[in-house]
Amino acid sequence: RVQGIWANRYVAGTGWGAAERIDTDNEWFASEPQIAIDASGNAIAVWSQIDGVHKNIWANRYIAGTGWGTAELIEMDDSDDAAKPQIAVDARGNAIAVWSQSDGIHNNIWANRYIAGMGWDTAELIEMDDTGHTFDPQIAVDASGNAIAVWSQDDGTTFWIGYHCTRQNIWANRYVAGKGWGTAERFETDDRGNGLIPQIAVDAKGNAIAVWPQVIGTGHRIFASRFE
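Take any residue in the sequence shown, note its place counting from 1, add 1372, and you have its number in the numbering used here.
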């Protein structure tokens, strides 16, 4: 059975419209949809979809007053699976998508930028540490189009918490509008246990707060860090 990506739009004062399929591949399984919307009501959806061999990252854009466009492949690396896409859009309609992608040995974090009026750029690797796998990327964008991506990443250290596991840490990279991505940086330094599944939010001035659960001893705690 084929699983596709569908969308429906709610119009304030009117209600829901008709559901519409927004992926254009009728052969293969699609999953993990995410969506973000700009101040003018335009939106971009991203998802992962298998091509019969690997999972790839796709996108489709909704233009207010016009409707959905054609689904577009936004990552071109077929060495292995790409999954867990996330997307954030600024007020002007520029967007950045991030995802986790395997190179056949490790999962890495990639990004691609949508430029309003021009289209998608080229996918770019935004973390360079091949010590271990990366997991669960998230992204947030400010009013000026600057963005911060966060993720968890294992450091190759194995320890025992009732079972053997590899320690995961929380990392980030910042995109500066007009300049590009910086260098990935680890910003949690508590090695007592795993930092997992980070989330991030950014205000209009670019200040950000990231939160994540972390295993400490036999329990989980919630940690936070602020970027100014």
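By construction, the Cβ of each residue, glycine as well, lies at the ideal position given by its N, Cα and C atoms.
- Cα atoms of Val-1470 and Phe-1595: separation of roughly 23 Å, rounded to the nearest angstrom.
- Taken in chain order, the complete beta strand (DSSP E) segments of 3 residues or longer contained in the stretch 1428 to 1492 are 1454 to 1461, 1467 to 1474, 1479 to 1487.
- Around the CB of Trp-1378, fewer than 16 other CB atoms lie within 10 Å, so the residue is classed as exposed.
- The C-alpha of Val-1418 is placed about 7 Å away from the C-alpha of Ile-1429.
- Closest in alpha carbon position to Phe-1401, among Ser-1412, Gly-1424, Gly-1413, is Gly-1424.
- With at least 16 other beta carbons inside 10 angstroms of its own, Glu-1499 counts as buried.
- Between the beta-carbon of Pro-1570 and that of Ala-1580 there is about 11 Å, and that puts the pair past the 8 Å contact cut.
- Listed as beta-bridge partners of His-1592 by DSSP are Val-1587.
- Within the same chain, Cβ atoms closer than 7 Å to the Cβ of Lys-1456 are found at Glu-1404, Trp-1471, Ser-1472, Asp-1508, Pro-1509, the five residues on either side in sequence being excluded.
- Nearest Cα to Trp-1482 within the set Thr-1555, Trp-1584, Arg-1598, Trp-1388: Thr-1555.
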